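First the structure, in the form of structure tokens, and then the observations on it.
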Amino acid sequence: MDGLFPAVGAILLQSTRRRQNAGKKPNKLNVIAFWNQKKRPEEKMAASMLGQRTAALCGALKRASLSKAVLLASCRSGFVLQAASYNPKPLKLNLRDPYIPDKESNKTPEWQKTSRYDRKLFGRHGSASGVAPASLWPSPEELERLIAEEAEWHPPLEVMLKNIKTREKEETQMRLAKEKLIAANMAKMPKMVEDWRREKREAKQKLKEEKERKAKLLAEARERFGYNMDPRSPKFLEMVAEIEKEEKKKRKLLRRREKAEQAAVPPAAPPAAQS
Amino acid sequence: MSFPKKPGGKGLDVLQNLPRITLANLRPEPGARKNEKRRGRGQHGGNRSGRGHKGERQRGTRPRLGFEGGQTPFYLRIPKYGFNEGHSRRPQYQPLTLKRLQYLIDLGRIDPSQPIDLTQLVNARGVTIQPLKRDYGVQLVDEGSDIFVAKINIEVQRATEGAIAAIERNGGIITNSFYDPISLGILIKPVPFFMRGQPIPKRMLPGEDMVPYYMSAENRGYLADPEEIQQARRALAQKYGYVLPDISKDELCHMLAMRKDVRQIFFGLSPGWVVNMPEKKILKPTDEKLLQYYSS
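For the record, the sequence lines run as chains B and V. With the numbering used here, letter number 49 in the first sequence gets 50, and the count goes up by one each step, no holes. With the numbering used here, letter number 265 in the second sequence gets 273, and the count goes up by one each step, no holes.
In structure tokens form, the structure reads like this:
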């Protein structure tokens, strides 16, 4: 989509022409109709007046031009703003006496025989430099190299979009997986908390029971022997073993009695049910 | 029968009748010249000359800044953290306020009847861009959006939402486009580039991390869909509460609709052309492969 005005080119031409056309009408770009009014003949005359006044100014200041915005309220139209825009650096083109190095002689340094320097010569002096314009563009080999480099380092837009999509998909997938995991674990949490609390309680209780048992045994020993024994001594251990045996016997008796009762009860129940 | 008025008037009379100007008649504006500080003079300024009493203060042998007498100083106590890591690889954008833009337009340094580009801004000395310092262009900041009243077609590299709203409220157009560092260097200094005699290169596309920014319509990226941009304009108008002016009915509609091609650096110049400054000519390549390369 090219523009109407090659903005840069126009400004360049304006800068080079300005010195020459100081007395003539100013360039169209110089005068801006601030509220986009169509040019009336009075405005055109005002513009020409402006041009002459600026020419006089330029002459008076001896070409020491500064960027000025000259608002002329006395102008008839009243809406035209003379824009001096920017002050371009004067382009010193050495066209009368250009230095063009001799390619054949060996006194000229090597760097003045390269293609890069040739391009600069062309840029500075134009066709007077004697450089063939066709050499300014890359040669076929260089062009191939450029194309390969671009294919490697500057992928086209579609490829980049694809990469972006895959990367984003991956990221979202990872994020979702992580969130799922977190949600699942959080759902498990109450049960785990309960389990842990239960275990803690049971451990505490076990400890308590152990303590009580030990205290009981100690009391038993105290009763039997009459003094506080060391629970690690062999006597104490024998006593403990005895108690254990007695307990075992009691348990066995209990079990036998229970079995007998159970054997008595079922025969009683079915005959009761039958009759 | 009115007497013709003499040009100049009273001022000229005064000038003609007063004595000549000499050094004895001149005096600087009060407050323009301030006397310098001279140490070691006078009853109160002399003696120790404002240095204090003995010690490192008077003798000028104080230790370096940050030293805390041997205690591990604050700047060494605090552990390192990567705040500034990779700072030299981060793209920077020179800020341009709407206030400054309005100032430049009012003074006539920028022409609002032409598309405003980074070249125009730099020529008007509105911003200073240093491509070698990782500057990737200019960003539009919405300070001064309440006083902004210019209708412009502007192209920047980044813009805040408020700035976009302010420009579109006045009937203008804003585009965010990307310039790779080489293109940026050419854009801000076109004349030295043309003197180099190289063909105009094509603008490269942004990197993967910047593609989403330039493809979204909310940011008015240059790679975005025009319809989406229209929708985004309407949405922004609703959000900020202004009526979106219709640009197609404008007189400058053609100028405002001017937009650069994705690979173009200058308006009116295509990649591949060589500009001959001394003779004011443009050379265009005719080889097929070159044309294909430069128009890809």
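We treat Cβ as the ideally placed atom computed from N, Cα and C, and that holds for glycine. Nothing here was measured: the structure is a model prediction, and the numbers come from that model.
* Asked: Between TYR144 (chain V) and chain B, is there a C-beta pair that is closer than 8 angstroms?
  -> no
* With a CB to CB cut of under 7 angstroms and the five nearest residues on each side skipped, what residues in its chain are close to LYS253 (chain B)? -> none
* Across which residues does DSSP place ASN284 (chain V) in a beta bridge pair? -> V:LYS289
* Do the CB positions of GLN128 (chain V) and ILE118 (chain V) come within less than 8 angstroms of each other? -> yes
* Asked: Would you say TYR87 (chain B) faces chain V, with C-beta separation under 8 angstroms as the test?
  -> yes
* Does the beta carbon of PHE202 (chain V) come closer than 8 angstroms to any beta carbon on chain B? -> yes
* Asked: Closest Cβ-Cβ distance between LEU144 (chain B) and chain V: below 8 angstroms?
  -> yes
* To do: Determine, using beta-carbon pairs with one atom in the segment 156 to 169 of chain V and one in the segment 114 to 127 of chain B, whether at least three such pairs fall under 8 angstroms.
  => no
* **Residue closest to VAL199 (chain V), alpha-carbon to alpha-carbon, out of V:GLY94, V:TYR83, V:GLU151 and V:MET285** => V:MET285
* Asked: On the three-state DSSP scale, how would you describe PHE156 (chain V)?
  -> coil
* Asked: In whole angstroms, what separates the C-alpha of PHE226 (chain B) from that of ARG257 (chain B)?
  -> 33 angstroms
* Asked: When DSSP labels each residue in this structure, what does ASN332 (chain V) get in the three-state scheme?
  -> No statement about residue 332 (chain V) is possible, as the shown extent of chain V runs from 9 to 304 and does not include it.
* Where ASN164 (chain B) falls: helix, strand or coil (DSSP) -> helix
* Could you tell me whether the segment 211 to 220 of chain V touches the segment 234 to 248 of chain V, where touching means 3 or more Cβ pairs closer than 8 angstroms? => no
* **Selected residue, minimal CA-CA separation from ILE172 (chain V), among V:ARG98, V:LYS247, V:GLY58 and V:PRO38** => V:LYS247
* Length of the line joining the Cα atoms of ASP233 (chain V) and ALA158 (chain V) -> 26 angstroms
* To do: Return the CA-CA distance between GLY134 (chain V) and GLU151 (chain V), expressed in angstroms with no decimal places.
  => 15 angstroms
* Asked: By DSSP, does PRO209 (chain V) sit in helix, in strand, or in coil?
  -> coil
* Asked: Is ARG249 (chain V) helix, strand or coil when you go by DSSP?
  -> Before going on, a small fix: residue 249 (chain V) reads as Gly here, not Arg. Three-state DSSP puts GLY249 (chain V) in coil, outside helix and strand.
* SER234 (chain B) classed as buried or exposed, judged by whether at least 16 other C-beta atoms fall within 10 angstroms -> exposed
* Asked: What are the residues that DSSP puts in a beta bridge with ILE101 (chain B)?
  -> In the DSSP output, where bridge partners are listed per residue, ILE101 (chain B) has none listed.
* **Simplified DSSP state of ASP119 (chain B), which is helix, strand or coil** => helix
* Asked: Would you say LYS215 (chain B) reaches chain V, if we count a Cβ-Cβ gap shorter than 8 angstroms as a contact?
  -> no
* Residue ranges of each beta strand (DSSP E) run of no fewer than 3 residues wholly in the segment 168 to 202 of chain B, ordered along the chain? -> none
* With 8 angstroms set as the bound, which would you pick, yes or no: does the beta-carbon of GLU296 (chain V) sit closer than that to a beta-carbon of chain B? -> no
* Taking only beta-carbon atoms, is VAL199 (chain V) less than 8 angstroms away from chain B? -> yes
* Distance, Cα to Cα, MET50 (chain B) vs GLU153 (chain B)? -> In this prediction, MET50 (chain B) has a pLDDT of 42, which is less than 50 and means its spatial position is unreliable; what the coordinates show is noted afterwards. Taking the straight line joining both Cα atoms gives about 59 angstroms.
* Measuring alpha carbon to alpha carbon, tell me which of V:GLN66, V:TYR83 and V:GLU169 ends up nearest LEU73 (chain V). => V:TYR83
* Taking GLN300 (chain V) as part of the alpha helix (DSSP H), name the residues at either end of that continuous run. => 296 to 303
* Taking buried to mean at least 16 other C-beta atoms within 10 Å of its own C-beta, is VAL283 (chain V) buried or exposed? -> buried
* **Segment contact, 8 angstroms Cβ cut-off, at least three pairs: the segment 269 to 280 of chain V with the segment 204 to 214 of chain V** => yes
* Where ILE273 (chain V) falls: helix, strand or coil (DSSP) -> coil
* Asked: Can you find a CB in chain V that lies within less than 8 angstroms of the CB of LEU158 (chain B)?
  -> yes
* For ALA222 (chain B) versus MET230 (chain B), is the C-beta distance shorter than 8 angstroms? -> yes
* Check whether the Cβ atoms of GLY179 (chain V) and ILE255 (chain V) lie closer than 8 angstroms to each other. => yes
* To do: Could you say which of B:LYS114, B:ARG199, B:HIS126 and B:ALA216 lies nearest to PRO99 (chain B) if we only look at CA atoms?
  => B:HIS126
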